[in-house]
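Below is one structure; the comments refer to it alone.
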Amino acid sequence: EGRVFAHAFDNRFVIAGQGTIGLEIYEVMNDFDFIVVPVGGGGLISGIASYLRGMGFRGKIIGVEAEAAAAMKISLSSGKLTKLTSVATIADGIAIKSPSELTFGITKKHVDEVVTVSDEDISSAMFTLLERGKIVAEPAGAASVAALISGKVDVRGKKGIALISGGNADLALLSQIIENTLLKSGRIFTIVFVLKNTPSEMKKAVELFSDMGLNIEELKTELYDHDVKVGEQKVIAKLKIYGNTDLGRIRRKFEELGFRIIDVKGVNF
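Just so we're aligned, residue 43 is where the sequence shown starts under my numbering, counting upward by one.
Structure follows, in structure tokens:
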């Protein structure tokens, strides 16, 4: 049909096109000590590294892969092109089983090292970029920042660049990352407690949350449970913490009001 297949990374023209990112970087900033670039098939880092070395850049060029898709790192360590049998990472943009001979050769020549990051590292980086920088990055795009945050790259006293190479974030995954990070950081927690099954008692609980600076993310009640006696109800409340909240004070207030705490998840209460 006369069509031309453009390979994602195993093509010198594609690599040259990706190398123009190096040109853009140099036009804005050319006095940096290192650059960190996400690596899948290796086309992006090959292009950028080729351009920067061609311009005389003597700083460190560092690639970053997902731990479960580290074909380039393994290939460099073994000295030969290696193909993985499988890859498993949320960073689908760099989930490649093997670089090509072309990208492997360029990376071996121009790149100083390749480090790896876990999916947890990537998730943390995505959350940080979204919260602090208001930047929506896909997992593969956030891998470079993950390498910095996780300490895989030594940045002390140095000026560097972390290339965020994509923003095609899946909303369902992004939502899960936000929720999990808030939970793990203790900014959202769930408390399960029992109180009398009357509107006035529930009102006391809700007012207590408000007084303590807690926002109710989710509230569920159960009447039929082994923890619940006749005339009682069990409340499962997911709460978001704003600012410095004294959780010990919340426990004391619960006890003063006669609420019986069954379980707390997400914080040391």
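Don't be surprised by glycine CBs; every beta carbon is placed ideally from N, CA and C. For clarity, every value in this text was computed on a predicted model and none was experimentally measured.
{"query": "Residue 204 by DSSP, collapsed to three states: which one?", "result": "strand"}
{"query": "Indicate whether the contact test is met: 3 or more Cβ pairs, each with one atom in the region 44–61 and one in the region 159–175, closer than 8 angstroms.", "result": "no"}
{"query": "Need the endpoints of the beta strand (DSSP E) that residue 305 sits in, please.", "result": "302–307"}
{"query": "Look up residue 241 in the DSSP assignment and say whether it is helix, strand or coil.", "result": "helix"}
{"query": "Can you list, in chain order, the residues of its chain whose CB lies under 8 angstroms from that of residue 177, leaving out five sequence neighbours each side?", "result": "171, 206 and 209"}
{"query": "What's the call for residue 218, buried or exposed, on a 16-neighbour Cβ count within 10 Å?", "result": "exposed"}
{"query": "Restricting to Cα atoms, I'd like to know which of 116, 95, 94 and 212 is closest to residue 182.", "result": "212"}
{"query": "If distances are taken between C-alpha atoms only, which option among 100, 142, 99 and 130 comes closest to residue 114?", "result": "142"}
{"query": "Going straight from the alpha carbon of residue 116 to that of residue 150, what length do you get?", "result": "12 angstroms"}
{"query": "On the premise that residue 261 lies in contact with residue 277, defined as a C-beta separation below 8 angstroms, what is that separation, rounded to the nearest angstrom?", "result": "7 angstroms"}
{"query": "Which residue comes first and which comes last in the alpha helix (DSSP H) that contains residue 17?", "result": "For the chain, the structure presents residues 43 to 311; residue 17 sits outside this window and is missing."}
{"query": "I'd like to know whether the C-beta atoms of residue 247 and residue 237 end up nearer to each other than 8 angstroms.", "result": "yes"}
{"query": "So, for residue 275: in the same chain, excluding its five sequence neighbours on each side, which residues have a beta-carbon less than 6 angstroms away from its beta-carbon?", "result": "239, 263 and 265"}
{"query": "Can you grab the Cα-Cα spacing for the pair residue 101 / residue 201, in whole Å?", "result": "10 angstroms"}
{"query": "Starting from residue 276, follow the beta strand (DSSP E) in both directions and report where the run begins and ends.", "result": "274–283"}
{"query": "Could you tell me the boundaries of the alpha helix (DSSP H) in which residue 116 lies?", "result": "113–120"}
{"query": "Helix, strand or coil: how does DSSP classify residue 141 here?", "result": "coil"}
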